[in-house]
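Remarks on the structure that follows.
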Amino acid sequence: MNIFRLLGDLSHLLAIIILLLKIWKSRSCAGISGKSQILFSVVYTTRYLDLLTTHVSPYNTVMKLVFIFTSYATIYLMYVKFKATYDHNHDTFRIEFLLIPTFILALLINHEFTVLEVLWTFSIYLESVAILPQLFLVSKTREAESITSHYLFALGSYRALYLLNWVYRYVVESHYELIAIISGVVQTILYCDFFYLYITKVLKGKKLQLPA
Amino acid sequence: AAPVEEHDEL
């Protein structure tokens, strides 16, 4: 564990807390893509199946359980409790266009052809693109609430911090994991446009609005 | 296949 990894995990946790609080306090999930949230649930469920087979540390176990549990809680809030506020007219991204190619890729490019390893690889590939329905929703509505922007910024920062963690681990521990690194780079690149808007608009007190 | 290291990250 190094500082970048810790900050990355905390940023990830912060993103989830911001999202749950936003939904809970405003009693609304407007502006949030349920499709992305479903994909994140698939990501955590398939990646953390190793909870059943391997034990890394109490920290890892707790975080994994928190990520799985909160992703299902988010889906419950969006599709059951605050269903009436869900923006389904704008949340039209076809998730099978992400699920199927990433699954095929995981079958083809993985470290080991076992069920757990292919599912782990699938979760890494899927996570790298899971935010696309959310970004698609923002681009359709042309704007995002500030709180949604903070959520997206924290969520994007998490993988960017992991990139620094991987550089650190490569230099210090000679450890590297190509599948995660390449996917992490892709994931972070997808956020770049949003990061730019966040820094130039939201941090200056303006609403995140896309040019017409 | 080469043995896979345990995934120690989240």
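Taken in sequence, the protein lines are chains A and B. Under our numbering, the first residue of the first sequence is numbered 51, with each subsequent residue one higher. Under our numbering, the first residue of the second sequence is numbered 5, with each subsequent residue one higher. The beta-carbon is built from N, C-alpha and C at its ideal position, and this holds for glycine as well. Here the structure is a predicted model, which means the values were calculated and not measured.
Burial state of residue i (16 or more Cβ within 10 Å)
i                 : result
Val188 of chain A : buried
Arg219 of chain A : buried
Gly255 of chain A : exposed
Cys242 of chain A : exposed
Val93 of chain A  : buried
Thr96 of chain A  : buried
Asn160 of chain A : buried
Ala230 of chain A : buried
Asn110 of chain A : buried
Assumed close pair residue i, residue j - CB separation to whole angstroms, cut-off 8 Å
i                 : j                 : result
Leu240 of chain A : Ile181 of chain A : 6 Å
Tyr201 of chain A : Ile68 of chain A  : 5 Å
Tyr212 of chain A : Gly58 of chain A  : 5 Å
Phe90 of chain A  : Ser121 of chain A : 5 Å
Minimum C-alpha distance to residue i - residue among the options
i                 : options                                : result
Thr142 of chain A : A:Leu258, A:Leu60, A:Leu101, A:Ser86   : A:Ser86
Phe203 of chain A : A:Leu185, A:Arg192, A:Thr191           : A:Leu185
Ile53 of chain A  : A:Leu148, A:Gly234, A:Trp216           : A:Trp216
Gly206 of chain A : A:Arg144, A:Ile249, A:Ala156           : A:Ile249
Leu253 of chain A : A:Val235, A:Ala262, A:Ser196, A:Glu177 : A:Ser196
Leu245 of chain A : A:Arg144, A:Ala210, A:Ser233, A:His225 : Note on residue identity: the sequence assigns Phe, not Leu, to residue 245 of chain A. That would be A:Ala210, whose Cα lies nearest to the Cα of Phe245 of chain A.
Lys190 of chain A : A:Asn139, A:Ser107, A:Thr135           : A:Asn139
Leu63 of chain A  : A:Ala134, A:Val235, A:Met113           : A:Met113
Proximity test, Cβ basis, 8 Å: residue i and chain B
i                 : result
Tyr104 of chain A : At residue 104 of chain A the sequence reads Thr, which differs from the Tyr that was named. True, the Cβ-Cβ gap to chain B drops below 8 Å.
Asn110 of chain A : yes
Arg55 of chain A  : yes
Asp141 of chain A : no
Trp170 of chain A : yes
Asp59 of chain A  : yes
Met113 of chain A : yes
Asp137 of chain A : no
Asp243 of chain A : no
Minimum Cβ-Cβ distance from residue i to chain A less than 8 Å
i                : result
His11 of chain B : yes
Ala5 of chain B  : Because Ala5 of chain B sits at a pLDDT of 40, beneath the cut-off of 50, its placement in the model cannot be relied upon, and the point is left open.
Proximity test, residue i beta-carbon vs the ligand FMN heavy atom, cut-off 7 Å
i                 : result
Thr111 of chain A : With respect to the ligand FMN, the structure offers nothing, as it holds no ligand at all.
Inset, instruction - May I have a chain-ordered list of the alpha helix (DSSP H) segments no shorter than 4 residues that lie completely inside the segment 160-215 of chain A? - result: 165-179, 182-191
Legend entry - Unbroken stretches of the alpha helix (DSSP H), 4 residues or longer, contained in the segment 94-167 of chain A: 108-126, 146-158
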